[in-house]
Amino acid sequence: MSFVSRSGRGLPLLAATILGVLAGDAFAARISRLTPPSELFASGEESPVIARFLPGQRFDLQMTIEPDPGRTIVSFDFIVDDQSTLRPFWVDGELIHDPRATLTSTVTETGPAATCIAASGRTTGASGCKLVAGLPGNATVISRRAYSNSRAGVHTLRAIARQDDGSTISATGNFEIVGIDAESGQVAKNIVIFLGDGMGAAHRTAARIISRGYAQGKAKGLLAMDTFPNTGMVMTASLNSIVTDSAPGMQNYVTGNKANNNEEGVWPDDTRDAFDNPRYEYLSEYLHNLQGKSLGVVTTADVFDATPASMAIHTSARGNGTGIVDQFFDDRDQTGLTVLLGGGRKWFLPNPSDSTSPQPVNGSQRRKSNDYVLGDDIVNGWGVARGVLDPERDLIAEFRDAGFRYAADKTGLDAAFGAGTPDKLLGLFSYSNMNVAYDKIAGRRGDSTVVDAFGFPDQPMLDEMTDAALKVLSKNPNGFVALIEGSSIDKQAHLMDTDRWTLEVIELDRAIAVAKRFAERNPDTLVLVTADHECSGAAIIGAATVSAATLEADPDAGKGVVGTYEAARFPKYTMAEDGYPQTTHIDGKMLIGYGANADRYETWLPNRFPTRDTQQPFPPSQSPANPSVRNESSGYLITGQVPGDQATHTATDIPLSAYGRGAHHFNGVFDNTDVFFKIGQIAIGGAD
Ligand SMILES: [Zn+2]
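First residue of the sequence shown: 572, per the numbering used here; consecutive thereafter.
Okay, here's the thing in structure tokens:
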């Protein structure tokens, strides 16, 4: 076969492949994947530009090559706007990219390493190849790690590889560097992002109805988030679906790029290793490197959960808890991690035997199988920790040795401030996800049955965690980036447990009020309140036409008691001193329907115990397994339209509200990745 050169676009590729087959030739060489993802590579269309970056934000370049049968790749390059990215060298003190040195697998003195990974079973390839599992036969993956570009505009990326018969294969994509308008007024030093997981418009409305009340058509008060002066609507799609999960739903905001579902801080690739995917830099890493900002992560979930991990962690498998919490610690010098508060102690406690069966008595779920070890290319390219498979690690002890004060409960959190505000703070208040506000508040009011059953009766509320985090983070004169997540709005909406998720929104809003007061005192602060996606298709369908006692007496009354339109009137809840309703079990209770629902038995009554949380190492036996068996003997069966036993996320746009410096940038309808570039402008160039 003679010299061939083709683009990686779908149609020409298909044509080339068919031609090869017709000619009786096994010819199939192609670049099957080019990263960063681009519509130019996928379809030949130059827009939309999918991958966008702030100036200097680092990201990986990668190609997967399927050479002709029996052929190997001997040299390669990634060429941006006609310049090689692989062979920079110095001439008279100036960094030059040599356009002649485009086809090489060697690494120069000054250049970051480019490595290649060949398919399992191959014994030859470009120099430096290692064998990995998971690739299609005869495939080669080539990465150029931690590339960056500071020139604003759309850039062309051309990947090129040469086979050992001299033929070349190429593909073309694009990416954009989004410029920052310098000296555009005052910058925001502190960035606080409140993420109500799964919090759509209905969730916000429901919390307002309960906590503020309505009279004659008007709300008697506003939520703290309602008082923010600017509100936009966010499109939440991930790289591979209109319906995102929490990983892309969060990381898209803080990387400017789209991830596949279940993936955080990385693009998809063709290998099985969940930690070797092509990466891109987080807001936390970028602003820590550029401005010395700190990172705070506060959540009511297990800290390994998708939302908190999507502030700092690079993995294609959001379930890899051991590796995720290890990376939080190991790469704290990259992210500026200073505060980590939430649940998830099970990942921090040693598990010397690597076992989960029987469950270690200390609750540890550390395992080699979900830990991380990185290759030389990532370690050298990014300057990050290599990682070790070490289920025996005592991570709480390591945090303490590194200067973090540790709190195991609310009492410990208060005590951590006894000798002044600590410089760094770790709080792990339960084995996995923390108890929800509904149960924590019941415990504080004297009914600790549920929190006792989980084993952690003294957990802080999110407003208390937020106050602690802001005190620690604001010690950094360079400012900070903080994520504060109300995570169980989503988890309880999945379970269609209305009484529990409505109180979760109220808990989040009380934390938002804390940050709003902080921003009033510190006007160089931007506070955003948003969600990663809507959850459950929640809708306020009306209110009960009957009393609480009647519902109890007839729990399978079903749709017969749903008052719609004017029959709903205005449900009246009484708020207690602690900021939560005295009870949600009221006469004329607000009723919620679910548009993305699985089967459930509905009683319209509060559920005594939360539904089973499979993340818990020791789940209480009193929890029903799922909504399709919960209240099976007493409730009214509502059949759903989604598979599985939980309600699902939806693709509906969600509201984002902004307060403080730069808030006026957040009006209109925009993509979740746009938020990253707005923050970058406000934090670096100024807010005008
Ligand atoms: Zn979510």
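Backbone N, C-alpha and C fix where the C-beta goes; we use that ideal spot for every residue, glycine too.
Burial check for Tyr-857: the Cβ neighbour count within 10 Å reaches 16 or more, so the residue is buried. In this structure, DSSP gives Arg-938 a state outside helix and strand, which the three-state scheme calls coil. If you look at Met-1036, you'll find it in the alpha helix (DSSP H) that goes 1033 to 1044. Annotation: Ser-1118 to Val-1132 spans about 10 Å, alpha carbon to alpha carbon.
For His-726, the enclosing beta strand (DSSP E) has its first and last residue at 724 to 734.
Less than 8 Å separates the beta-carbon of Ser-1199 from that of Arg-1171. If you draw a straight line from the Cα of Arg-1071 to the Cα of Asp-947, it comes to about 47 Å. Cβ-Cβ distances below 6 Å link Gly-1050 to Lys-760, Asn-761, Lys-864 in the same chain, with the five nearest sequence neighbours on each side left out; the list follows chain order. Judged by beta-carbon spacing, Val-868 lies beyond the 8 Å limit of Thr-1096, meaning their Cβ atoms are not closer than that value. The stretch 991 to 1011 and the stretch 1038 to 1048 touch, with three or more beta-carbon pairs separated by less than 8 Å.
Of the heavy atoms belonging to ligand 1, none sits nearer than 7 Å to the Cβ of His-1065.
Check the Cα spacing between Ala-808 and each of Ile-1255, Phe-1241, Leu-861: the tightest is with Phe-1241. The Cβ-Cβ distance between Gly-1159 and Pro-1177 does not fall below 8 Å. Take the alpha-carbon of Tyr-1151 and the one of Asn-1004: they are about 21 Å apart.
Taking 8 Å as the cut-off, the beta carbon of Val-1246 is found no closer than this to the beta carbon of Tyr-785. In terms of side-chain proximity, the C-beta atom of Ser-1059 is found no nearer than 7 Å to any non-hydrogen atom of ligand 1. Sorting Ala-742, Ser-721, Asp-1259 by C-alpha distance to the C-alpha of Glu-637 places Ala-742 at the top.
Contact check for Arg-916 against Ser-1001 passes: the beta carbons are separated by less than 8 Å. DSSP, read as helix, strand or coil, puts Asp-985 in helix. For Val-1085, the CB contacts under 6 Å within the same chain, skipping 5 residues up- and downstream, are Asp-1034, Thr-1037, Asp-1038 in chain order. Distances from the CA of Asp-1224 to each of Gly-769, Asn-941, Phe-612 were compared; the closest alpha carbon is that of Gly-769. When distances are taken from the beta-carbon of Asp-752 to the heavy atoms of ligand 1, even the shortest one reaches 7 Å or more. Distance from the C-beta of Ser-817 to the nearest heavy atom of ligand 1 is below 7 Å. In the three-state reduction of the DSSP assignment, Phe-900 falls in the helix class, which pools H, G and I. The continuous alpha helix (DSSP H) containing Val-1076 extends over residues 1069 to 1092. In the DSSP assignment, Asn-761 falls within the unbroken beta strand (DSSP E) covering 761 to 767.
The beta carbon of Asp-1127 lies closer than 6 Å to those of Gly-1206, Tyr-1207 in the same chain, with the five residues before and after it left out.
Distance from the CA atom of Thr-909 to the CA atom of Asn-828, rounded to whole angstroms, is 25 Å. Exclusion of Asp-1068 from the 7 Å shell around ligand 1 follows from its C-beta lying no nearer than that to any non-hydrogen atom of the ligand.
With a contact defined as Cβ atoms closer than 8 Å, Val-896 and Val-932 miss out at about 20 Å. Contact between the stretch 769 to 778 and the stretch 751 to 759 is absent: fewer than three C-beta pairs spanning the two stretches fall below 8 Å.
Distances between the C-beta of His-1104 and the heavy atoms of ligand 1 include at least one below 7 Å.
Residue environment analysis places Lys-791 among the exposed positions, since fewer than 16 neighbouring C-beta atoms fall within 10 angstroms of its C-beta. Counting C-beta pairs closer than 8 Å gives fewer than three between the stretch 725 to 737 and the stretch 1014 to 1027, which falls short of the contact rule. Membership of Ala-973 in any beta strand (DSSP E) is not indicated, and neither H nor E is assigned to it by DSSP.
For Gly-769, the distance from the CB to the nearest heavy atom of ligand 1 is below 7 Å.
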